[in-house]
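> Going by this note's numbering, the sequence shown runs without a break in its numbering and finishes at 372.
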Amino acid sequence: MTAYVSRPQITLADHKVTTGDILDDIKAHHPDHPRLGAILRVVGNCGVTTRYFTRPLASPLISGTAPVEERAKTAFADALGMAERAAVEAMDAAGLSPADVTGVVTSHSTGWSVPNLDVHLINRLGLKPTVRRLALTTLACAGGVQALVRACDMVAARPGDRVLVVVSEVISSVYNHADTSIEAMIYKGLFGDSAGAVVVTGEPLGEGLAIDDTFEYVLPGSLDRYSGRLDGSGLHFDSTKKALTAADDVLPALLEWTGDSPADFALIHPGSPRIISDTATALGLAPHDSRHSTDTLAEEGNLGGVSVLRVLDRTHTDAPPAGAHGFAVAYGPGFATAALRVRWNS
């Protein structure tokens, strides 16, 4: 069954942080790092010019030493605030009231709370107490596409359902000066904070994305590629050198699923310039075809699970022709991949 996705509503965090700001902060906190020169070069060339944080860079909650409990509590509160705003705007844009929503799928990996975003949003938005819900809490960068996969399942199981998908991440919560590896320094400059929301239905609510098929894949033996870690200094995001080729390692399985289907456009997770270019090339697309991913990375950073929703939002402003075929692809810790076979409906 085909599912239809409304135009994403995106909420960016309040505080604009330039890459120059990040470089100055790294120099101030790590003046004696033996590889400082290399770190500054790599961070300066990570493909990101600006990103947005929920708190100022100089805040104890970001580049300072606030205790882990304060960091975690604040990160979830900030994520919830952005999520609520994006969700309200998504329902309004789709012409729905809270009573019209029959399902909600959330994804959030950067702040800890039980219950999670789903229950909090049911209360804050005034959704029906009988709404079907699913909270995804460990998917990180794959969360947006994976949430759309689960929303498609809901709509297929119950035609007529209207599923609200909300993703919110405060990835500045992993900005931690206790982490001094080159990988950790890159992540200081790579990520941004945001939320995004859409409505998924069995009938189109307007021009936008139509999903015809979904794909999920966990790369065997890949637990060491990316992982989250919590200790007394806060939340950390770790990776090994194998992470550099993790997306490429998935491409054979992805291409087996895509088959000979032509790709006129793609919504590629902007995890890095290499991830964008390698995935686009594998799908037979030119650099221009992945411009919305590249622009998202440059102007807002890697937004985690919100990223592909932001790329879709940009696609609405420069849409492919009606009937154009494409794919949405996202990668995350696991090493996990979620993908969609899509058409542009107008």
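Using N, Cα and C, we set each Cβ at its ideal position, and we do this for glycine too.
Indicate the three-state DSSP secondary structure (helix, strand or coil) for residue 369 in the structure shown.
Taking the sequence shown and counting its residues from 1, one reaches residue 369 at position 343. Correct three-state label for residue 369: strand.
> Please report how far the alpha carbon of residue 228 lies from the alpha carbon of residue 188, in whole angstroms.
Counting from 1 along the sequence shown, the entry for residue 228 is found at position 202. Counting from 1 along the sequence shown, the entry for residue 188 is found at position 162. Between residue 228 and residue 188, the C-alpha separation is close to 8 Å.
> What are the uninterrupted segments assigned as beta strand (DSSP E) that are 3 or more residues long and contained completely in the segment 163–234, given in chain order?
Runs found: 188–195, 220–227.
> Which two residues bound the contiguous beta strand (DSSP E) that contains residue 132?
Reading the sequence shown from its first residue, position 106 is the one you call residue 132. Where residue 132 is concerned, the enclosing beta strand (DSSP E) stretches over 129–133.
> Report the option in 212, 253, 215, 194 whose CA atom is closest to the CA atom of residue 112.
In the sequence shown, the residue the question calls residue 112 occupies position 86. Comparing Cα-Cα distances from residue 112 to each of 212, 253, 215, 194, the minimum goes to 194.
> For a minimum of 4 consecutive residues, which ranges assigned as the alpha helix (DSSP H) are wholly contained in the segment 289–318?
Taking only runs of at least 4 residues, the alpha helix (DSSP H) segments lying wholly in the segment 289–318 are 299–308.
> What does residue 328 pair with, by DSSP beta-bridge criteria?
Counting from 1 along the sequence shown, the entry for residue 328 is found at position 302. In DSSP, residue 328 forms a bridge with 217.
> Going by DSSP in three states, residue 263 sits in which element: helix, strand or coil?
In the sequence shown, counting from the first residue as 1, residue 263 sits at position 237. Correct three-state label for residue 263: strand.
> So what's residue 84 in DSSP terms, helix, strand or just coil?
Reading the sequence shown from its first residue, position 58 is the one you call residue 84. DSSP places residue 84 in coil when its eight states are reduced to three.
> Using the three-state DSSP reduction, which class does residue 32 fall into: helix, strand or coil?
Against the sequence shown, residue 32 aligns to sequence position 6. Residue 32: coil per DSSP, three-state reduction.
> Taking contact to mean at least 3 C-beta pairs separated by less than 8 Å, is the segment 195–215 in contact with the segment 341–353?
Touching, no.
> Report the residue from 125, 105, 57, 29 whose alpha carbon sits nearest the alpha carbon of residue 132.
Within the sequence shown, the letter at position 106 stands for residue 132. Checking every option, the nearest Cα to that of residue 132 belongs to 105.
> Below 8 Å between beta carbons: does that hold for residue 332 and residue 170?
As a position in the sequence shown, residue 332 is number 306, starting the count at 1. As a position in the sequence shown, residue 170 is number 144, starting the count at 1. It is a contact, given that the beta carbons lie within the stated cut-off.
> On a CA-only basis, which of 95, 98, 157, 101 is nearest residue 124? Give me that one, please.
As a working mapping, residue 124 is identified with position 98 in the sequence shown. When only C-alpha atoms are compared, the closest one is 157.
> Whose C-beta lies closer than 7 Å to the C-beta of residue 166 among residues of the same chain, with five residues either side of it excluded?
By 1-based counting over the sequence shown, the position of residue 166 is 140. Hits under 7 Å: 135, 330, 331, 358, 359.
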